[in-house]
Every structure is written in C-alpha cells, then in structure tokens.
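*Asks:* Going left to right, the sequence shown walks through residues 1 to 67 as UniProt numbering numbers them. The beta-carbon is built from N, C-alpha and C at its ideal position, and this holds for glycine as well. Every value quoted in this text rests on a predicted model; they were computed, and no experiment measured them.
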Amino acid sequence: MANSSNRIVVPEAKQAMDNMKYEIAKQLNVNLKQGYNGDLTSRDAGSIGGGMVKSMIEQYERSMANK
Numbered sequence: 001m002a003n004s005s006n007r008i009v010v011p012e013a014k015q016a017m018d019n020m021k022y023e024i025a026k027q028l029n030v031n032l033k034q035g036y037n038g039d040l041t042s043r044d045a046g047s048i049g050g051g052m053v054k055s056m057i058e059q060y061e062r063s064m065a066n067k
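(1) Alpha carbon to alpha carbon, how far is L28 from M17? Give it in angstroms, no decimals.
(2) Use the C-beta contact count for A13: other C-beta atoms within 10 angstroms, 16 or more gives buried, fewer gives exposed.
(3) Under the three-state reduction of DSSP, which class applies to Y22: helix, strand or coil?
Laid out in structure tokens, this is it:
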C-alpha cells in the first residue's frame with residue numbers, strides 16, 4: 001500500500017494552494033498551465049514546489065512574529 005504525501009489534509013485549502021502554485025510559477029517565469037504539464041522540466045517543477053515551501057515558511061514566520 002503506497003502512502004502519498006501529496007494530499008491536501010485540509011480540503012478547503014486546495015484552491016489557495018493552486019493559486020499559490022500559479023503565482024509562484026508566474027514569478028519564476030515558468031509556463032505552468034491548467035491540466036497536463038508533462039513538458040515541464042523537473043528543475044522547473046522543483047522550483048515551483050520550493051517556492052511554495054519558502055512562501056509558506058515566510059508566512060508562518062510573520063504570523064509568529066505578530067503574536
């Protein structure tokens with residue numbers, strides 16, 4: 001039985017995650033489109049994922065600083 005780590009734990013967050021993905025791709029000048037993106041290089045896909053993680057960490061750090 002495979003365990004997928006690519007699942008949204010909070011279903012309500014799916015749209016926000018998708019929006020972030022496209023925003024990061026745009027900032028990185030990566031041509032990410034709706035649907036199939038099999039022509040995307042591993043490097044570009046990794047850059048988008050890394051940018052999303054970086055953005056989430058920055059948001060969390062800001063929220064912790066405001067407490």
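*Replies:* Taking the coordinates as given:
(1) For the purposes of this step, residue 17 is taken as the residue at position 17 of the sequence shown. For the purposes of this step, residue 28 is taken as the residue at position 28 of the sequence shown. Rounded to whole angstroms, the gap between the alpha carbons of M17 and L28 is 16 Å.
(2) For this step, residue 13 is matched to residue 13 along the sequence shown. It counts as exposed.
(3) Stepping through the sequence shown from its first residue, residue 22 is reached at position 22. Y22: helix per DSSP, three-state reduction.
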